[in-house]
Each structure stands twice: as C-alpha cells, then as structure tokens.
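Add 37 to a position in the sequence shown, counting from 1, and you land on the number used in our numbering. Okay, so here's the structure we're looking at.
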Amino acid sequence: MTDALLRADMVTLAYDDRAVVRDLDLVVPRGQITAVVGANGCGKSTLLRALARLMKPRGGSVLLDGHSIAQLSTKQVAKRLGILPQSPLAPDGLAVEDLVARGRYPHQTLFRHWSAADEAAVEHALEATRMTELRTRPLDELSGGQRQRAWIAMTLAQETEIVLLDEPTTFLDLAHQVEILDLLADLVIDHARTVVMVLHDINQACRYADHVVAMRDGQIHAAGPPHAIVDATLVQDVFGLPARVIDDPETGTPLCLPAARERRSTACLVNAGDPAERSVS
Numbered sequence: 038m039t040d041a042l043l044r045a046d047m048v049t050l051a052y053d054d055r056a057v058v059r060d061l062d063l064v065v066p067r068g069q070i071t072a073v074v075g076a077n078g079c080g081k082s083t084l085l086r087a088l089a090r091l092m093k094p095r096g097g098s099v100l101l102d103g104h105s106i107a108q109l110s111t112k113q114v115a116k117r118l119g120i121l122p123q124s125p126l127a128p129d130g131l132a133v134e135d136l137v138a139r140g141r142y143p144h145q146t147l148f149r150h151w152s153a154a155d156e157a158a159v160e161h162a163l164e165a166t167r168m169t170e171l172r173t174r175p176l177d178e179l180s181g182g183q184r185q186r187a188w189i190a191m192t193l194a195q196e197t198e199i200v201l202l203d204e205p206t207t208f209l210d211l212a213h214q215v216e217i218l219d220l221l222a223d224l225v226i227d228h229a230r231t232v233v234m235v236l237h238d239i240n241q242a243c244r245y246a247d248h249v250v251a252m253r254d255g256q257i258h259a260a261g262p263p264h265a266i267v268d269a270t271l272v273q274d275v276f277g278l279p280a281r282v283i284d285d286p287e288t289g290t291p292l293c294l295p296a297a298r299e300r301r302s303t304a305c306l307v308n309a310g311d312p313a314e315r316s317v318s
C-alpha cells in the first residue's frame, strides 16, 4: 500500500446547514501528483481547504503524518504543508523576491531571524521556478503565468513536503497552463514533493497526475491511476457529458473527447428514456 502523508477519514464539511462533503475518505499518496476533478459545486475546493486546515470538519478528521491536523499548531502545519489558493492577493508593488521570502515565515522564531538557510531556500525556489531574472520586478507587472510561478516559488521556499493548489491554471492561456503543470511535475520528480491540485480539465489531470480523485455530489466517485478509472462512463457520471475516451497520442494517458453536439442530443434522449444507458463510447 502506498505510504500516505495526508488523509481524510469520514470527513463531513458544511457551510451553515448545507453539507458540501459527506463522510469522505481520502488517501493522498506520498511523492505523487494527485488531481481532484469534478463538476462545479461537487466539493473539490472545500475538500482542499479542509486538507489545509483552513476549514474545520463537522465530522471525521484530517490526519497529517497520522496525527489529527486539528491538534497541531499553525507553525507545525505550515512547516509540513503549503497551500496556494485560487487568485491569491499580494500588496501593490511587492517584488517577486519579497513575496518568495514570505515562504520562510514558518521557519522564523523569536530567537531565529533571517539566516543563510533562509537565503538559500529563496534562491533555490527562484531558480527552480525560473524566476531569478525577475526577482526585483513588482508582482503586478508580470504576466499571469509569471505571477503564478512567483506564488509557486513562495510555496516552494516554505520547504514543505506537501503542496496543495486550488486550480493553479485558472485564467491562464494554454501555453502558461502547460508551463505551470510542467513545473509542478518537476517539483515531484526533482524535489520529492507531494502535490495535490484541484483541476477543471480532466485531460490535464490524466496527463500530469499519478492519482486522480473524481468527486460527485460531495463524495469520491472513483480514485486511482488515470488509466484505471477514467473512461466514458466516469465522464458521464461525474460531468454529465457523453464522450469518447481514447489513448492520448502523445502520452498514452486517457484523453476525453466530448461527443459532437448531435450525438450529445441523442444521448440525452436515450438517457431520459433508459437510465441504464449511461455513456457514449
């Protein structure tokens, strides 16, 4: 069985009286990329917040290294786990290297201020994200892809084994999406990180993730390696979309091709008449 740094045991999450995630069990494999996918409103981002201890479960528990994350101090969590939320904000005019340096805050104490180790961590993070030449540039002068790399550099400087990212490719063009996903893959391969990211694009999840978690209505519908779980039935069940799933000619991973409009319309009529007809292959 794959060793797990982070897991959720029978977790229920709710906003006021509305349960968003119910009795969910999740194991995050160590040293791999886990991609969480699903339709809007299925609970993906809410689950990520709970894994980062930004949201307290109504039931169940999140475990970090086998210990309840709720019982750990903020600094203990910050030394093991970093999170990059959607659309993070920084003060106007903040330079890239100053943003990245903020990743070292969990390592500061009353008796330990900025050190050579902190400086080395920042330099390493800038180099790994290819941001060294942009270190003095204000964050608000960068392109979307460059800004996202700067935020990832801050998370990398934190030197946590686990990195959580909520839709890291949102609002980026295709080239910058690929750039960010390549960078995250490099973090796992070259720097032994464990990455969990919420993605909208199931094809990107299949191409980059070792482990895919497909959510539906606040629960895990399927989880495992992309080739083991992603097929036309899963796409229909999770996204409500008739599709073909073929081998990606570049990587051999599952590639989802939504059915043409005419076939989608036919599938909707078939599904309405016979619940057993669940997918278009």
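Using N, Cα and C, we set each Cβ at its ideal position, and we do this for glycine too.
So, is residue i buried or exposed, given that buried needs 16 or more other C-beta atoms within 10 angstroms?
{"i": "T78", "result": "Before going on, a small fix: residue 78 reads as Gly here, not Thr. So G78 counts as exposed."}
{"i": "T197", "result": "buried"}
{"i": "I120", "result": "buried"}
{"i": "R276", "result": "Per the sequence shown, residue 276 should be read as Phe rather than Arg. By the neighbour-count rule (16 or more Cβ atoms within 10 Å), F276 is buried."}
{"i": "A162", "result": "buried"}
{"i": "L202", "result": "buried"}
{"i": "R298", "result": "exposed"}
{"i": "T206", "result": "buried"}
{"i": "P13", "result": "A question about residue 13 goes unanswered here, because the residues of the chain that appear run from 38 up to 318."}
{"i": "K93", "result": "exposed"}
{"i": "D54", "result": "exposed"}
{"i": "T39", "result": "Because the pLDDT of T39 is 46, which lies under 50, any placement of that residue in the model is unreliable, and the number read from its coordinates should be weighed accordingly. With fewer than 16 other Cβ atoms within 10 Å, it is exposed."}
Work out the CA separation of residue j and residue i for me, nearest whole Å.
{"i": "L131", "j": "R184", "result": "11 Å"}
{"i": "H248", "j": "R174", "result": "36 Å"}
{"i": "V48", "j": "Q256", "result": "10 Å"}
{"i": "Q195", "j": "D238", "result": "28 Å"}
{"i": "L63", "j": "A45", "result": "5 Å"}
{"i": "A251", "j": "A107", "result": "26 Å"}
{"i": "L84", "j": "V200", "result": "14 Å"}
{"i": "A190", "j": "T166", "result": "6 Å"}
{"i": "A157", "j": "L42", "result": "26 Å"}
{"i": "I283", "j": "P125", "result": "36 Å"}
{"i": "K112", "j": "P143", "result": "6 Å"}
{"i": "R59", "j": "E160", "result": "42 Å"}
{"i": "D223", "j": "R230", "result": "9 Å"}
{"i": "D254", "j": "A76", "result": "9 Å"}
{"i": "D129", "j": "V137", "result": "15 Å"}
{"i": "D219", "j": "E204", "result": "15 Å"}
{"i": "A260", "j": "A153", "result": "42 Å"}
{"i": "A246", "j": "T288", "result": "12 Å"}
{"i": "Q214", "j": "H150", "result": "36 Å"}
{"i": "V65", "j": "L176", "result": "32 Å"}
{"i": "L221", "j": "H228", "result": "10 Å"}
{"i": "S82", "j": "V225", "result": "21 Å"}
{"i": "A89", "j": "L278", "result": "31 Å"}
{"i": "E164", "j": "E170", "result": "9 Å"}
Residue i by DSSP, collapsed to three states: which one?
{"i": "R123", "result": "Here residue 123 turns out to be Gln, not Arg, going by the sequence shown. Coil at Q123, not helix or strand."}
{"i": "A187", "result": "helix"}
{"i": "A45", "result": "strand"}
{"i": "C243", "result": "helix"}
{"i": "H248", "result": "strand"}
{"i": "V235", "result": "strand"}
{"i": "V267", "result": "coil"}
{"i": "A131", "result": "The question names Ala, yet the displayed sequence has Leu at residue 131. Coil, per DSSP."}
{"i": "R55", "result": "strand"}
{"i": "P295", "result": "strand"}
{"i": "A158", "result": "helix"}
{"i": "G68", "result": "coil"}
{"i": "V195", "result": "The question names Val, but residue 195 in the sequence shown is Gln. Correct three-state label for Q195: coil."}
{"i": "S105", "result": "strand"}
{"i": "D227", "result": "helix"}
{"i": "G289", "result": "coil"}
{"i": "D203", "result": "strand"}
{"i": "G182", "result": "helix"}
{"i": "R281", "result": "strand"}
{"i": "P175", "result": "strand"}
{"i": "A260", "result": "strand"}
{"i": "D219", "result": "helix"}
{"i": "S98", "result": "strand"}
Going by the beta-carbon positions, is the gap between residue i and residue j smaller than 8 Å?
{"i": "P295", "j": "P263", "result": "no"}
{"i": "G181", "j": "L209", "result": "yes"}
{"i": "V272", "j": "C243", "result": "no"}
{"i": "R141", "j": "D155", "result": "yes"}
{"i": "L179", "j": "A187", "result": "yes"}
{"i": "E216", "j": "R172", "result": "no"}
{"i": "V114", "j": "G80", "result": "no"}
{"i": "R117", "j": "L91", "result": "no"}
{"i": "A280", "j": "A265", "result": "no"}
Measuring only between beta-carbons, confirm whether residue i sits less than 8 Å from chain B.
{"i": "R117", "result": "The structure shown has no chain B; it contains just one protein chain."}
Are the segment 65-72 and the segment 226-239 touching by the rule of at least three beta carbon pairs closer than 8 Å?
-> Yes: at least three Cβ pairs fall under 8 Å.
Any 3 or more C-beta pairs closer than 8 Å across the segment 88-97 and the segment 49-58 | Inter-segment contact for the segment 88-97 and the segment 49-58 is present: three or more beta-carbon pairs are separated by less than 8 Å.
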